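Shown next, in structure tokens, is the structure this report addresses.
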Amino acid sequence: MKNILCYCRAGFETDLANELQAQAAEHHIYGYTSFKKNTGYALFHCYQDADAEQLIQRLSITQLIFARQIFRASDAIDDIDSSDRIATLLEQVDDMPFCGELRVEYPDTTEGRELSKFCRKFSVPLRQALRKREVLSNKPLASKPVMHAFFPDGRTAYLGYSLPKLNSALPLGIMRLKFPASAPSRSTLKLDEAFQVFIPKEEHESRLSAGLHAVDLGACPGGWTYQLVSRGMFVQAVDNGKMDDALMETGQVNYFPEDGFKFTPKKKNVYWLVCDMIEQPQRVAKLMATWLARGWCKEAMFNLKLPMKRRYESVQEAFDIIAQVLNQADVKYTRQAKHLYHNREEVTVHLRRI
Ligand SMILES: C[S@@+](CC[C@H](N)C(=O)[O-])C[C@H]1O[C@@H](n2cnc3c(N)ncnc32)[C@H](O)[C@@H]1O
């Protein structure tokens, strides 16, 4: 198994492939990528089995921006006879480690989703067959690798495995969230997902707690402010647009019809800075890093809008700017970034002063 296979949002395969190539090179592992546009996945092909084994142990889904899931995969198993799928897949299992879970998956595309019913049904006999071959535990074991049988279409499959802690715990790597009926915009789900992805659950009580102060730049109509308010925070909402009336009535929101690039906090009590302004990524990155460098906030969560073609490169440029500003100010920080399920042409970045 010489391949690393990752899922992504359809249309972002080039960005994912560029990222995989760059990440592999950082680990001194060389190979080539392959993908088809709008299929929702891309592959990195190593030249040797041992390279793929090393790479899957070193790359974590949390480090990758454009990947939703990562696993080591077989070559494509083509022209599968629909009457004999299980036998065909079982021919590949000799290369597999003993696994604690099976996920039969499909691409997150319109055509792919048509396979969801088939995948659900097929997982039952496949699971039984894998248990009989003693490559899958009888009960789910979270400490063991996860086996993935990925069907890009009904006649093609990739078989592979991902490693616990380095993979996404979610089926298809997708976090499904319920839209809160009283939220003023669907964007609210982006910040909700970002908090869940970037902030460990056991730290929500201290880092997302009631009473903290937050600034929301580009706040209107208030989807992100809604997330902060519903966690009991006090929000300074900055935007020239119109804020949702119900949010204003909570008494937890102060509204400032100002330019987010010029706004300065009046008191030194801001914990969170969040920003969803539609602006050049380099400009937003510089602004966020400057707030952190000046000690105007402890943590920042923001979107980099990426309407351009070379998205991976634009994100790297933004990271360089952040590093420049914060290194110059001698501020230590952590950085995480993800193309979240609820994002479109944008990635969400989290910075924290340490
Ligand atoms: C994508 S919307 C934000 C949506 C919001 N996060 C929500 O969940 O409802 C972008 C907002 O940024 C605001 N904006 C753009 N440039 C700005 C600037 N320089 N200063 C303040 N607001 C700005 C726009 O007015 C717009 O309301």
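Numbering (the working numbering), first residue to last: 110 to 463.
Here a beta-carbon is modelled for each residue, glycine too, at the ideal position from N, C-alpha and C.
In this text the structure is predicted, and so the values were computed from the model without any measurement.
Strand pairing of residue i, partner residues [DSSP]
i: H459; result: M410 and Q445
i: H322; result: F343 and V379
i: N112; result: H154 and A182
i: A266; result: I186
i: L245; result: C208
i: S271; result: V255
i: C384; result: L326 and F411
i: Y335; result: Paired residues: none, contrary to the question.
i: T142; result: F153
i: E214; result: F259
Exposure of residue i, with buried meaning 16 or more beta-carbon neighbours within 10 Å
i: T142; result: buried
i: D439; result: exposed
i: P249; result: exposed
i: L300; result: buried
i: L286; result: exposed
i: N436; result: exposed
i: F144; result: buried
i: I174; result: buried
i: K447; result: buried
i: Y139; result: exposed
i: S183; result: buried
i: L451; result: Looking at the sequence provided, one finds His at residue 451 rather than Leu. Buried, by the Cβ-count rule.
i: N349; result: exposed
i: E455; result: buried
i: Y215; result: buried
i: E122; result: buried
i: Q345; result: buried
i: P254; result: buried
i: F180; result: buried
i: S277; result: buried
Cβ-heavy atom distance, residue i to ligand 1, below 7 Å
i: S291; result: no
i: N363; result: no
i: T297; result: yes
i: M417; result: no
i: I387; result: yes
i: V347; result: yes
i: F411; result: no
i: P330; result: yes
i: L449; result: no
i: F370; result: yes
i: S294; result: yes
i: W381; result: no
i: L467; result: An answer regarding residue 467 cannot be provided, because it is not within the stretch 110 to 463 covered by the chain.
i: W465; result: The chain is shown only over 110 to 463; residue 465 falls outside these bounds and no answer can be derived.
i: L326; result: yes
i: G341; result: no
i: G350; result: yes
Alpha helix (DSSP H) segment containing residue i, residue limits
i: E465; result: With the chain covering 110 to 463 only, the question about residue 465 has no answer from this structure.
i: E358; result: D354 to E358
i: Q166; result: D158 to R167
i: F231; result: S225 to K241
i: T70; result: Residue 70 is absent from the structure shown; the chain starts at 110 and stops at 463.
i: R420; result: R420 to Q437
i: V393; result: P390 to A402
i: N349; result: Element bounds for N349: n/a, residue is neither H nor E.
i: E454; result: Note, E454: premise wrong, no alpha helix (DSSP H); not H, not E.
i: N127; result: E122 to E135
i: A196; result: R194 to L199
Extent of the continuous beta strand (DSSP E) to which residue i belongs
i: N363; result: V362 to F365
i: E311; result: Where E311 is concerned, there is no enclosing beta strand (DSSP E), given that its DSSP letter is neither H nor E.
i: I179; result: Q178 to A182
Below-8 Å beta-carbon distance, residue i vs any chain B residue
i: L435; result: Going by chain labels, chain B is absent from the structure shown, which holds only one protein chain.
Closer than 7 Å: residue i CB and nearest ligand 2 heavy atom
i: S423; result: No copy of ligand 2 appears in this structure; the ligands present are ligand 1.
message: Any contact between the segment 206–220 and the segment 230–240? By contact I mean 3 or more CB pairs, one from each, below 8 Å.
response: yes
- prompt: Given 8 Å as the limit, is there contact between the segment 333–346 and the segment 286–301, that is, 3 or more CB pairs closer than that?
  reply: yes
message: When you compare the segment 193–202 with the segment 114–131, are there three or more beta-carbon pairs, one atom per stretch, that lie closer than 8 Å?
response: no
message: Three Cβ pairs or more, each shorter than 8 Å: is that satisfied between the segment 411–424 and the segment 265–280?
response: no
query: Touch check for the segment 314–326 and the segment 367–387: three-plus C-beta pairs under 8 Å?
result: yes
- prompt: Looking at C-beta atoms only, is the number of pairs between the segment 345–354 and the segment 302–313 that lie closer than 8 Å three or more?
  reply: no
- prompt: Taking three-plus beta-carbon pairs below 8 Å as touching, is the segment 217–233 in contact with the segment 254–265?
  reply: yes
field: contact_flag[the segment 112–123, the segment 175–183] where n(CB pairs < 8 Å) is 3 or more
entry: yes
message: With three or more beta-carbon pairs closer than 8 Å as the criterion, would you say the segment 401–409 touches the segment 358–366?
response: no
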